[in-house]
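Just so you know, we're using numbering that gives the first Met the number 0 here: the sequence shown kicks off at 0 and counts up by one. By construction, the Cβ of each residue, glycine as well, lies at the ideal position given by its N, Cα and C atoms. Values in this document were obtained by computation on a predicted structure and should not be read as measured data.
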Amino acid sequence: MAVTPPATSWHATGSVSADEPLTTKEGWARWANHTSSPPELDPGWRALPAAARAAYDDRRLDYHSDLIVVNTPTIREVITTVRRLLVLNRRQISARRGLIVTGGAGTGKTTAITQLGRAHELGVALRHPGPGQRIPVTYITVPPAATPRMVAVEFARFLGLPLTTRHNLADVTNAVCAVLCDVGCELVLVDEIHNLNLATRAGAEVSDQLKYFSERIPATFVYAGINVERANLFTGIRGQQLASRFTTVATRPFAYGTPAQRDTWRALVATLEQALRLHQHRPGTLARHGEYLYQRTHGMIGSLSHLVRGAAIDAILDGTEKITKAHLEAIRLDHAAETTPAAGPKQKRSTRRSGVA
Ligand SMILES: Nc1ncnc2c1ncn2[C@@H]1O[C@H](COP(=O)(O)OP(=O)(O)OP(=O)(O)O)[C@@H](O)[C@H]1O
Ligand SMILES: [Mg+2]
């Protein structure tokens with residue numbers, strides 16, 4: 000399957016600030032409605048006065064710090080599956096069906112569900128233009144060692160509901176449900192669901208709380224978490240109920256075994272390469288290093304993005320304006336990528352050590 004860039008490329012976390020995180024309605028709306036276009040390359044860049052050149056480079060550094068989100072097969076599958084569920088759930092009074100996105104750490108779960116949320120939010124805005132009180136998407140994360148109250152408070156925090164310690168669980172739950180029904184919430188995204196362990200009493204209670212929300216709010220629920228099938232999420236009576244109502248989509252590293260998988264990887268690399276804004280970079284250079292990039296990153300899109308963005312930033316800072324093998328070699332990746340033994344095709348030590356491309 001080909002990897003194509005989204006119709007409009009947007010930054011992964013563009014416009015999210017620390018005081019307005021994605022888990023607040025303001026932060027979410029700002030991020031979801033944020034559009035950015037890549038900086039134009041100025042043919043006269045060499046002749047720019049020092050201050051203008053510094054500002055010009057800084058805009059490009061900023062852009063490369065948060066490059067694009069690639070429309071991967073996983074993101075497409077999540078969006079298609081949930082679009083279908085949203086329609087199927089329209090006439091369900093309760094027992095609505097949902098989706099669980101599950102996979103290893105850093106395989107793109109949060110990116111997939113937030114892109115889904117963004118696509119839905121923009122779709123709703125198209126269908127209902129003009130100002131209004133709509134909040135079509137809610138995004139929360141399950142805190143570690145969560146209790147039902149903590150999860151209810153996460154919803155309340157997203158909505159900006161004024162709460163004090165005097166409000167008990169029922170107060171918070173009622174307020175959250177009333178507001179989410181009023182504002183027409185259709186999609187509830189619950190991230191970090193692996194923080195909930197159904198084998199523990201607290202975990203079971205949180206699961207019941209989420210189920211209660213899903214019965215009172217006429218929305219489709221999407222959960223994301225690390226290898227949830229191994230984290231007791233589908234065991235016991237509650238787990239069986241979840242398993243019977245939720246479809247799963249698995250996120251995993253890209254593979255490199257078959258010709259089709261290698262094509263997909265190369266398409267991913269080429270998509271990131273097309274997004275670069277460097278003056279001397281010849282298109283196709285990174286695609287040629289596809290195998291090397293796979294060996295370095297083990298097919299992890301986050302590591303690949305880090306490597307390419309880091310090399311692009313170095314290429315701007317050192318003035319070469321093109322990514323070379325030396326730039327790629329100089330970037331240290333995350334612990335997992337640096338310590339996992341080489342996967343896929345046999346590691347060629349000579350290529351790993353060969354300096355400049
Ligand atoms: N489709 C994509 N295009 C570009 N970068 C991506 C894409 N998907 C994931 N990434 C990058 O990969 C990294 C990990 O992604 P993300 O946080 O979505 O993974 P995760 O599975 O939620 O991780 P965790 O298990 O830590 O919660 C991030 O830096 C993200 O920007
Ligand atoms: Mg995540």
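For review: beta carbons within less than 6 angstroms of any heavy atom in ligand 2: Per the Cβ criterion, the list is Lys108, Thr109, Asp190.
field: Nearest residue (CA-CA) to Arg331, options Gly318, Gln260, Asn226, Arg308
entry: If we check each option's Cα against that of Arg331, Arg308 comes out closest.
message: For Arg200 and Ala144, what's the separation of their Cα atoms in angstroms?
response: Using only the alpha carbons, I get a separation of about 11 angstroms.
message: By the three-class DSSP mapping on this structure, what secondary structure does Ile312 have?
response: Residue state, collapsed to three classes: helix.
- prompt: What does a CB cutoff of less than 6 angstroms around Ala335 pick up in its chain, not counting 5 residues either side in sequence?
  reply: Closer than 6 angstroms at Cβ, skipping near neighbours: no residue.
Pairwise C-alpha distance: Ile300 and Arg117: Taking the Cα positions, Arg117 is about 20 angstroms away from Ile300.
- request: Work out the CA separation of Arg82 and Pro130 for me, nearest whole Å.
  value: Taking C-alpha positions only, Pro130 is separated from Arg82 by approximately 24 angstroms.
field: Check: Gly122 C-beta below 7 angstroms from any heavy atom of ligand 1
entry: Incorrect: Gly122 has no Cβ contact closer than 7 angstroms to ligand 1.
task: For the alpha helix (DSSP H) holding Phe157, just list the boundary residues, first then last.
output: For Phe157, the uninterrupted alpha helix (DSSP H) segment begins and ends at 147-158.
message: From the DSSP secondary-structure annotation, give me the bridge partner or partners of Val189.
response: Bridge pairing for Val189: Ile139, Tyr222 [DSSP].
- request: Starting from the C-beta of Leu47, find all residues in its chain whose C-beta is less than 8 angstroms away, skip the five residues before and the five after it, and write them out in chain order.
  value: If we look at Leu47 and ignore the five residues flanking it on each side, its Cβ neighbours are Asp41, Tyr55.
message: Using the three-state DSSP reduction, which class does Phe253 fall into: helix, strand or coil?
response: Here Phe253 sits in coil by DSSP.
- request: Give, in chain order, every unbroken run of the beta strand (DSSP E) that is at least 3 residues long and sits entirely within the region 46-115.
  value: You should have 97-102.
query: Between the C-alpha atoms of Glu337 and Arg295, what's the straight-line distance to the nearest angstrom?
result: Distance between the alpha carbons of Glu337 and Arg295: 7 angstroms.
- request: Have a look at Tyr138 and Leu179 and give me their C-alpha separation to the nearest angstrom.
  value: Straight-line Cα distance between these residues: approximately 12 angstroms.
query: Under the three-state reduction of DSSP, which class applies to Phe360: helix, strand or coil?
result: Since the first and last residues shown for the chain are 0 and 356, residue 360 lies out of range.
message: On the CB-based measure, 16 or more other CB atoms within 10 Å of its CB, does Ile92 come out buried or exposed?
response: Ile92 should be labelled exposed.
field: Touching by the beta-carbon criterion (3+ pairs, under 8 angstroms), the region 208-215 and the region 166-177
entry: Enough Cβ pairs lie closer than 8 angstroms, so yes.
- prompt: Where does the unbroken alpha helix (DSSP H) through Pro258 begin, and where does it stop?
  reply: Residues 258-273.
message: On the criterion of 16 or more Cβ atoms from any shown chain inside 10 Å, does Gly224 qualify as buried, or is it exposed?
response: Around the beta-carbon of Gly224, 16 or more other beta-carbon atoms lie within 10 Å, marking it buried.
query: Given that a residue counts as buried once 16 or more other Cβ atoms are within 10 Å of its Cβ, and exposed if not, what is Arg265?
result: Classification of Arg265: buried, given that the 10 Å Cβ count is 16 or more.
message: Could you check whether the Cβ of Leu69 sits closer than 7 angstroms to any heavy atom belonging to ligand 1?
response: This sequence places Val at residue 69; Leu is not what is there. Yes - ligand 1 has a heavy atom lying nearer than 7 angstroms to the Cβ of Val69.
- request: Measure the beta-carbon distance from Leu327 to Leu303 and round it to whole angstroms, keeping in mind my assumption that it falls under 8 angstroms.
  value: Contact between Leu327 and Leu303 does not hold, since their C-beta atoms are separated by about 11 angstroms, which reaches or exceeds 8 angstroms.
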